[in-house]
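Residues in the sequence shown are numbered consecutively from 7, following the working numbering. Idealized CB from N, CA, C, for every residue including glycine. Keep in mind the model is a prediction, meaning the values are calculated, not measured. Notes follow the structure.
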Amino acid sequence: MASNMYLIWGSGSIPCWKAMLVLEEKGFGGYPNKLVSFSNKEHKGEDVMKLNPRGQVPTFKDGDIVVNESTAICQYLERRYADKGTKLIPDQPAEHASVLQRMFEISNIEQNMMKDYAYYMFRTKKEDQKEEVIKEKVTNAQKELAIWEGYLQASKPGNFVAGKTFSMADAFFFPFIAFSVRLGLNLDKYPAIKEYYNRVSKRDSVQKTWPPHWSTEEAKMDFMKDL
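Structural data, given as structure tokens:
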């Protein structure tokens, strides 16, 4: 079954990692795939563009079905293969609601920590960065982390972000935390997130999909240390 699948992805991309985690959790390890280089703009190459005119990854095929956008890929896999591997969105109404809530709530991490803060630090020249702007963005990112720290503190030890079992919410949440840790985030300030990160890092699906270049290259920036 996995042999009919094909994923085009980039190392260290949070959206790609989400999709790869779900593929592994559903039991589809070993699927055909192509790793593209962002620095060489291979995501704008013919292989990607013919499947996704936006020139973005992940791009996924399941037989003749093409699915782009990481969240769409994840939800497609869970619905299409609900009886395979890990059940990532539970049927029980309260558990189902909890997972959906956290899945969509993660957009706040993307906004406050990535789009507002990380993108500013990545894309703004050092001489053009404004201290008051950075301070505001740092405060907003810290508040966001504090909310998730509270969620994990309020749950039982060993739980995940939406309940007792690894779910789609974790496939969405973990890559953001791992990316932030790579860029200097000190989890000693967030002990519940630290325990969660250390535990989930050892999960088989995470180990198998860990961004390969992270093991061989140091991060070039560490601005997340300020959070």
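Here Leu233 is not near Val139, since their CB atoms are 8 Å or more apart. Apart from the 5 residues on each side of it in sequence, Gln135 sits with its Cβ closer than 8 Å to the Cβ of Tyr126 and Met127 in its chain, given in chain order. Secondary structure at Gly16: strand, using DSSP grouped into helix, strand and coil. By the Cβ test, the stretch 91 to 102 is not in contact with the stretch 154 to 167, since fewer than three Cβ pairs between them sit closer than 8 Å. Fewer than three Cβ pairs drawn from the stretch 182 to 200 and the stretch 32 to 46 lie within less than 8 Å of each other, which leaves the two stretches out of contact. The beta carbons of Ile183 and Tyr203 sit about 5 Å from each other, so the pair counts as a contact at 8 Å. For Met11, the secondary structure class from DSSP, reduced to helix, strand or coil, is strand. DSSP links Gly169 through a beta bridge to Phe166. Shown here, Lys136 sits in coil according to DSSP, grouped into three states, outside any helix or strand. Taken through DSSP and simplified to helix, strand or coil, Phe34 comes out as coil.
If you draw a 10 Å sphere on the C-beta of Met7, you find fewer than 16 other C-beta atoms in it, and that means exposed. Listed in chain order, the non-local C-beta contacts of Met55 below 8 Å within the same chain comprise Gly61, local neighbours out to five positions each way being set aside. Between the stretch 11 to 31 and the stretch 204 to 211, the count of C-beta pairs closer than 8 Å reaches three or more; the two stretches touch. In the structure shown, Lys208 adopts coil according to DSSP, grouped into three states. Measuring C-alpha to C-alpha distances from Glu116 to each of Lys141, Glu84, Asn146 and His102 identifies Asn146 as the nearest. Residue Met227 holds the alpha-carbon nearest to the alpha-carbon of Lys132 among Met227, Ser9 and Tyr12. A residue is called buried once 16 or more other Cβ atoms fall within 10 Å of its Cβ, and Glu84 is buried on that count. When DSSP states are grouped into helix, strand and coil, Asp68 belongs to the strand group. Here Pro64 is buried: its Cβ has 16 or more other Cβ atoms, across all protein chains shown, within 10 Å. The beta carbon of His219 lies closer than 7 Å to those of Ser17 and Gly18 in the same chain, with the five residues before and after it left out. In this structure, DSSP gives Asn192 a state outside helix and strand, which the three-state scheme calls coil. Using a Cβ distance threshold of 8 Å, Tyr82 and Val73 count as a contacting pair.
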